[in-house]
Amino acid sequence: MFVIVIGIIMLFVSLFGCIGALKESTCLVNIFAVILSIVLILELAAAIAAYSLRAQISEMLHDKLTLTMPFYYNNIEVQDSFDFIQSRMNCCGVNSYLDWGEVEPPTGVSGISIDNITVPNSCCAASRIEIIGDMEVDECTKLYANGCLPRVFYLVYQSAGLLGAGAMTIAFIQIIGIVFSFSLARSIRRAKSERQRRLWEIQERVLNNEQSSKLGHEKIVPVVYIPFHGQTTA
17 MFVIVIGIIM LFVSLFGCIG ALKESTCLVN IFAVILSIVL ILELAAAIAA
67 YSLRAQISEM LHDKLTLTMP FYYNNIEVQD SFDFIQSRMN CCGVNSYLDW
117 GEVEPPTGVS GISIDNITVP NSCCAASRIE IIGDMEVDEC TKLYANGCLP
167 RVFYLVYQSA GLLGAGAMTI AFIQIIGIVF SFSLARSIRR AKSERQRRLW
217 EIQERVLNNE QSSKLGHEKI VPVVYIPFHG QTTA
C-alpha cells in the first residue's frame with residue numbers, strides 16, 4: 017500500500033513537469049523542480065536515519081525471532097517462516113539449536129531429539145535412511161550448527177546495501193532532473209522575454225512608420241497653377 021501511494025505521488029509530480037514543459041510554464045516547471053528537491057531531501061534524511069539505526073537492527077531481529085519462536089507449534093505462519101529460514105539459510109534457532117529447548121512441543125509432534133531438546137526437522141543438515149523391519153526411516157545425522165540471527169542480519173544488511181546503491185542511482189537521476197528543470201525554466205523565461213522584446217520592437221516599428229506616413233502627408237502641399245491674363249508695365 018505504501019509503495020502504491022508513493023507511486024501515485026510521483027505520478028502527479030511527473031505530470032507537473034510534463035504539463036509545465038508542454039505549456040512552457042515557468043511556474044509549473046519550478047514547482048516540479050522544488051518538489052523533486054523536497055523528495056530528494058526526504059530521501060537523504062531517511063538514508064541518514066537508517067544508517068544511524070543500523071546498530072539496532074540486530075537487536076530488533078533478535079527480539080522478533082525470540083518472541084515468535086514460542087508460537088512455532090501453534091501458528092502455521094510462524095512455523096512456515098522458521099522452516100523456510102532454517103532450511104534456506106542452513107541455520108537452527110536464533111543463536112543456536114539450544115534455543116529450541118525453551119519451546120515445548122505438543123505431544124505427537126515429530127521432530128529431531130538431541131540432548132533432551134526437540135528441534136524441527138528443518139534444522140537437519142544431513143540425514144540417512146535406515147531400514148527398520150519393513151520400514152524406511154529418515155534419520156538426521158547432523159544439525160545446522162549456526163543460529164539464524166547472524167544469517168538473517170547479513171541478509172538484511174546485504175539487501176540494505178543493494179537498496180542503498182539503488183537509492184543513490186535514483187538520487188543522482190533526481191539531481192539531474194532538478195538541474196535540467198531549473199535550466200528549462202530559465203530557458204523558457206528567456207525565450208518569453210525575447211518574444212516580448214521582439215513584439216515590442218515590431219509594435220514600435222509599425223507605430224513609427226504610421227507616424228512617419230502622417231507627417232509626410234501633412235508636409236505635401238498641392239500647387240495650383242493659375243494663368244496670368246493681365247498686362248505688365250515697365
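Heads up: the sequence shown begins at 17 in the working numbering, then just goes up one per residue.
We treat Cβ as the ideally placed atom computed from N, Cα and C, and that holds for glycine.
Query                                                                                                                                                               : Result
Arg-167 and Thr-42: beta carbons closer than 9 Å?                                                                                                                   : no
What span of residues does the beta strand (DSSP E) with Thr-134 cover, start to end?                                                                               : 133-135
Looking at the secondary structure, which residues open and close the beta strand (DSSP E) in which Ser-129 lies?                                                   : 128-130
Expressed to the nearest angstrom, what Euclidean distance is found between the alpha-carbon atoms of Asp-4 and Leu-165?                                            : The first residue shown for the chain is 17 and the last is 250, placing residue 4 beyond what the model contains.
Can you tell which of Ile-51, Asn-132, Ala-176, Thr-157 has its C-alpha closest to the C-alpha of Arg-144?                                                          : Thr-157
Could you give the DSSP three-state label for Glu-40: helix, strand or coil?                                                                                        : coil
Within the continuous alpha helix (DSSP H) that includes Phe-98, where are the two ends?                                                                            : 92-105
Output needed for Phe-100: all residues of its chain with C-beta closer than 6 Å, excluding positions within five of it in sequence on either side, in chain order. : none
With DSSP as the reference, label Cys-140 as helix, strand or coil.                                                                                                 : strand
How far does the alpha helix (DSSP H) with Thr-84 in it extend, from its first residue to its last?                                                                 : 70-84
When you compare the CB positions of Gly-36 and Asp-115, do they come within less than 9 Å of one another, or not?                                                  : no
Using alpha carbons as the reference points, say which of Ala-61, Glu-75, Val-45 lies closest to Val-172.                                                           : Glu-75
For Ser-138, which of Glu-155, Asn-132, Pro-122, Asp-131 has the nearest alpha-carbon?                                                                              : Glu-155
Using a threshold of 9 Å, state whether the C-beta atoms of Pro-32 and Leu-44 are closer than that.                                                                 : Note that residue 32 is Phe in the sequence shown, not Pro. Yes, the Cβ-Cβ distance between Phe-32 and Leu-44 is below 9 Å.
When we look at the beta-carbon of Leu-81 and count the other beta-carbons within 10 Å, is it buried (16 or more) or exposed?                                       : buried
May I ask you to list the residues that DSSP assigns as paired with Glu-155?                                                                                        : Arg-144
Suppose the cutoff is 7 Å on Cβ atoms and the five residues either side in sequence are ignored; what does the same chain contact list for Pro-122 look like?       : Tyr-89
Please tell me whether Val-125 and Cys-108 are closer than 9 Å, where the distance is taken between their beta carbons.                                             : no
Given a threshold of 16 other Cβ atoms within 10 Å of its Cβ, counted over all protein chains shown, does Ala-250 qualify as buried or as exposed?                  : Note on Ala-250: pLDDT 41, under 50, position unreliable in the model; the coordinate value appears next. When all chains shown are included, Ala-250 counts as exposed.
Short of 7 Å in beta carbon distance, which residues of its chain neighbour Ile-192, apart from the five on each side in sequence? Order them along the chain.      : none
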